[in-house]
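Residue numbers (the numbering used here): 623 to 758.
Beta carbons: idealized from backbone N, C-alpha and C, even for Gly.
Remarks on the structure that follows.
Here is the structure:
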């Protein structure tokens with residue numbers, strides 16, 4: 623998602639041209655993630671990541687605009703869990719013919735240290751040889 627997008631205009635489902643609108647490279651991963659709101663706890667999986675956000679594969683996506691806390695640990699890359707705030711930007715609901723239900727989440731309010739850790743993870747993923755399995 624671009625930095626100049628207005629958060630009040632959140633699409634309800636994945637935009638058909640979402641790949642064209644991305645300003646950051648995305649990298650496929652399979653990492654467990656805890657997603658927490660005031661009244662919901664969801665254990666799911668990150669299936670791709672960029673410097674701006676993640677896609678969380680789940681059959682129970684949260685509504686667009688939901689603010690949540692994310693906790694994930696790419697252990698082989700970093701060692702410690704990352705805890706970040708995010709907002710559901712779009713959802714891909716469970717429906718026939720939809721092989722990848724879930725939600726696109728944009729990172730919010732990253733501290734300089736959090737941004738640095740995230741960028742380092744992205745750099746590491748970008749340079750991993752494709753034949754090496756990424757941590758799960």
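ask   = Does the count of Cβ pairs from the region 712–723 and the region 676–684 closer than 8 Å reach three?
value = yes
Outcome for residue 720 when other beta-carbon atoms lying within 10 angstroms are tallied against a minimum of 16 = exposed
request  = Could you check which residue in 709, 656, 679, 648 has the C-alpha nearest to that of residue 694?
outcome  = 656
Residue span of the alpha helix (DSSP H) that contains residue 746, given as start and end = 734–749
request  = Specify the secondary structure class of residue 720 as computed by DSSP and reduced to three states.
outcome  = coil
inquiry  = Quick check on DSSP: helix, strand or coil for residue 644?
reply    = With a pLDDT of 49 at residue 644, under the threshold of 50, the predicted position of this residue should be treated as unreliable, though the coordinate-derived value follows. The answer is coil: DSSP assigns residue 644 none of H, G, I, E or B.
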